[in-house]
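Inspection log for the structure reproduced underneath, given as C-alpha cells.
Residue numbers (UniProt numbering): 1 to 128.
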C-alpha cells in the first residue's frame, strides 16, 4: 500500500494551479516545479541570477515543510528559457549543491514570463 501525503508549505508560494507543493510517498518527497516568485510578496527578481537563487530557495521552503532539505535531494529537473545561460545557471546552482550534487536534467523550454523553473525529488532523512 502506498503511503501518500500531500504537502502545502505555509511559507511557500501559492500554487498557480491544481497541484500540491509536494507529495511524500514511500520515503521520497516529490516537489512540484517551482519558479522564482518571492513567496510572500509575489515579486519577481530583476535578473537571471536572482531568479535562479529565489527558485532554489523556494524549493528549500517546500523541502523543509516536508521534513527534508537540499542535502537529501537525489534528482533535479531544471527548465531554462535560454540554454545559452547554462554555464551561468550551473555556477549559481553550485552555490546550493557545492558537493555531491544530485542527478540532474536541464531542459530548454518556453516558460511563462520567467527564466527558470525547477522540480526535484528528495529522500526523507529517516528513509536514508
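Glycine included, C-beta positions come from ideal geometry on N, C-alpha and C.
Extent of the continuous beta strand (DSSP E) run through residue i
i          : result
residue 54 : Looking at the DSSP string, residue 54 is not in any beta strand (DSSP E); the run it does join, the alpha helix (DSSP H), is 48-66.
residue 86 : First-last for residue 86: 86-96, but that is the alpha helix (DSSP H), not the beta strand (DSSP E).
DSSP three-state assignment for residue i, whether helix, strand or coil
i           : result
residue 126 : helix
residue 71  : helix
residue 80  : strand
residue 32  : strand
residue 43  : coil
residue 117 : strand
residue 16  : coil
Anticipated Cβ contact below 8 Å, residue i with residue j, distance rounded
i           : j          : result
residue 31  : residue 59 : 6 Å
residue 36  : residue 55 : 5 Å
residue 125 : residue 68 : 6 Å
Buried versus exposed, by CB contacts within 10 Å (16 or more), residue i
i           : result
residue 109 : exposed
residue 100 : exposed
Beta-bridge partners of residue i, as assigned by DSSP
i           : result
residue 108 : 80
residue 5   : 24
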